[in-house]
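Asker: Numbering (my numbering), first residue to last: 675 to 1123. All C-beta atoms in this analysis are idealised placements derived from N, C-alpha and C, irrespective of residue type, glycine included.
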Amino acid sequence: MASETRVRFAPSPTGALHIGGARAALYNWLVARQSGGAMVLRIEDTDRERSTPENVEQILDALRWLELDWDEGPISQVERSPRHQEVLADLVARDLAYRTTATAEDVKAYKQEHGDAAGFRGTPSPDGEGAVRLRVPGGDIVVHDLIRGEATFRAEHLDEPVIARADGSVLYNFAVAVDDHDAGITHVIRGEDHLSNTPKQLLVYAALGATPPAFAHLPLLHGHDGKKLSKRHGAASVQELRAAGYLPAAVRNYIALLGWGDVDSETLIATPDLVERFELSRVSRNPSRFDEQKLRWMNGRYLRELSLDELTVELEAFTGRSGLRAGAEISAEKIQTLADFWPLAGFLYDGPVSDPKAREKWLTNPEHLAALVDARSALSALEAFTLEEIEAALRGVAAAREVKAKDVFQPVRVAIAGTAASPGLFESLIVLGRDASLARMDAAFAARI
RNA sequence: GCCGCUAUCGUCCAGGGGACUAGGACGCCGCCCUCUCACGGCGGAAACCCGGGUUCGAAUCCCGGUAGCGGUACCA
């Protein structure tokens, strides 16, 4: 029981869940699930400005969509304030921390005098006013990181960190250590941007007389231009990924591989296998870039693994339409995302789309128009409106007119779909039905220039 | 500035002293399949940041440089 693995995901609710955050959540979740341990969700909401209920809900919503469930929480950091105050008072009482009115200017002045590399050392204010700073002892502070090995920080370089504001409210580096300790967290898995803060947190653990958890700092994720991920980088948040028509399973697979690779470098790894094979120690130390093209490819693979029933459910949920099964069936191998479906197959339900270029190319030439007319009559004369019959009829028209099949198929396609790209022509005709197909061909001919 | 982390194809991941003629995937190019668009198949181009050192031997270990990133808040 004492050896149970306990991890936590502790986002600050600043808005949508970023894919970097999503990856941290996933890695934590993988560790929890593979070890049979627990994942604790904690909302780091000590910055009241940014923490709104809406922002918190967005995070939870993203996690639920990704199907990453947590075992405890969400815990609000703010609500743990009494405990923070208790610990804070204790540290001050034991002179491990002290109140001081030193300002940023004072810190600057100190460095001017002692050198840039010298960590700030303040003096307690006589009246016990001001912010609370933690005392920094001498020696080296070593972060034992599961991913990077050891990172050594010399204590003398470290400023005495402010752990509580003058008004008594506590700061992140203090609260995070107290909370992780109280929650019995055994593994802190988070972004590399926290690595430099870890020594400060280690100091808090030391002041508490507590054994720190194991740390694992994940390399950061960058956009395609190598810069930090932002709105400018396409679908960079979980909600954007969802809106772009990606499947949670594909997103999990893709994100897992951003910074982690197995020995046999496979790319398609289903979630249960991820749980089994994921190893923190094999996480890369290099920052990686989010490449939506690869996600698109991967999503296509996951889409094609869905049964027709499953795909239909997904597409109907995504588009908000119903009765899409026939269209789904003939489009399955042509779409990469759920969002690709409607532009490709919407014409089956809402009529031909408007694509002047396609009309110009395939429905203005007299040859093409004549082929359309021949095709129309061949289709109307068919005994049965089946795939074989339709194909034979249309190929027959091409043979009789001594033109390539394409010169018959494309005019028909543009007539029924409005555009030059669609699911298979014969299949599309069947889904539409003979009457609707013929009507559309008539309308297209009537609209010729 | 100071402190820290990182450096293999365009991108992601593998290789961690000899098996490297550096492997896989996305993307790209070509061919095949083909009614469009895709899917699928086959083939191709494409990388060890630079400089020293250690070693019989370095992509791999060490040092330096350079570059990128992060931290440096009474933010998280």
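1) Alpha carbon to alpha carbon, what distance is there between L977 and L989?
2) Do you know whose CA, among Y846, V957, Y928, lies nearest M972's CA?
3) Let's test the definition: count the other Cβ atoms within 10 Å of the Cβ of E834 and tell me whether it reaches 16, buried, or not, exposed.
4) Along the chain, where does the alpha helix (DSSP H) containing T941 start, and where does it finish?
5) Across the region 1082–1090 and the region 1045–1056, are there enough close Cβ pairs to call them in contact, namely three or more that are closer than 8 Å?
6) Can the beta-carbon of L1037 be found less than 8 Å from the beta-carbon of A1052?
7) Can you tell me whether DSSP reads V799 as helix, strand or coil?
8) Measure from the alpha carbon of A840 to the alpha carbon of each residue in E803, G919, G858, then state which is nearest.
9) Verify whether the separation of the beta carbon atoms of Q751 and L691 is less than 8 Å.
10) With a 10 Å radius around its C-beta and 16 neighbouring C-beta atoms as the bar for buried, classify K782 as buried or exposed.
11) Could you give the first and the last residue of the continuous beta strand (DSSP E) run that contains R807?
12) Output the residue ranges of the alpha helix (DSSP H) runs that lie fully inside the region 841–889 and measure 4 residues or longer, sorted by chain position.
13) Below 8 Å on the Cβ atoms is my guess for V862 versus D854; work out the distance and round it to an integer in Å.
14) Please state if the CB of R864 and the CB of L892 are separated by a distance shorter than 8 Å.
15) Would M675 be called buried (16 or more neighbouring beta carbons within 10 Å of its own) or exposed?
16) Going by C-alpha to C-alpha distance, which of P887, M1115, D1014 sits closest to S1054?
17) Starting from the Cα of G858, find the closest Cα among S677, G796, S1102, E830 and give me that residue.
18) Pairing CB atoms from the region 733–740 with CB atoms from the region 909–920, are three or more of them under 8 Å?
19) Entirely within the region 692–729 and at least 3 residues each: give me those beta strand (DSSP E) ranges in chain order.
20) Where does M675 sit, in a helix, a strand or coil, going by DSSP?
21) Can you grab the Cα-Cα spacing for the pair G842 / D801, in whole Å?
22) DSSP three-state label for F827, please.
23) First and last residue of the alpha helix (DSSP H) that includes E1034?
24) What would DSSP say about E1041, mapped onto helix, strand or coil?
25) Taking 6 Å as the limit between beta carbons, can you name the residues of its chain near R680, skipping five residues before and five after?
26) Using 8 Å for Cβ pairs, my map puts L894 next to D856. What's the rounded Cβ distance?
27) If you draw a straight line from the alpha carbon of E1003 to that of T1060, how long is it in whole angstroms?
28) Where do the N-terminal and C-terminal ends of the beta strand (DSSP E) with Y772 fall, by residue?
29) Could you tell me whether the region 1005–1018 touches the region 1096–1113, using the rule of 3 or more Cβ pairs below 8 Å?
30) Which whole-angstrom value is the C-beta distance of A884 and I837, which I expect to be below 8 Å?
31) What residue range does the beta strand (DSSP E) around A838 cover?
32) Between which residues of its own chain and A792 is the CB-CB distance below 8 Å, once the five residues before and five after are set aside?
Answerer: Taking the coordinates as given:
1) 10 Å
2) Y928
3) buried
4) Where T941 is concerned, there is no enclosing alpha helix (DSSP H), given that its DSSP letter is neither H nor E.
5) yes
6) no
7) Per the sequence presented here, residue 799 reads as Ser, with Val not at that position. S799 falls in the coil class under three-state DSSP.
8) E803
9) no
10) exposed
11) 805–808
12) 846–856, 872–882
13) 6 Å
14) yes
15) Model confidence at M675 stands at a pLDDT of 43, short of 50, so the residue's coordinates are unreliable and nothing is read from them.
16) M1115
17) S677
18) yes
19) 712–717
20) Bear in mind that a pLDDT of 43 at M675, under 50, signals an unreliable position, so the number given afterwards is only what the model happens to contain. In the structure shown, M675 sits in coil (DSSP, three-state: anything other than H, G, I, E or B).
21) 15 Å
22) strand
23) 1030–1036
24) helix
25) G711, A712, G858, I859, T860
26) Incorrect: roughly 28 Å between the Cβ atoms, too far for contact.
27) 16 Å
28) 771–774
29) yes
30) That pair is no contact at about 15 Å.
31) 836–838
32) Y784, K785, E830, H831
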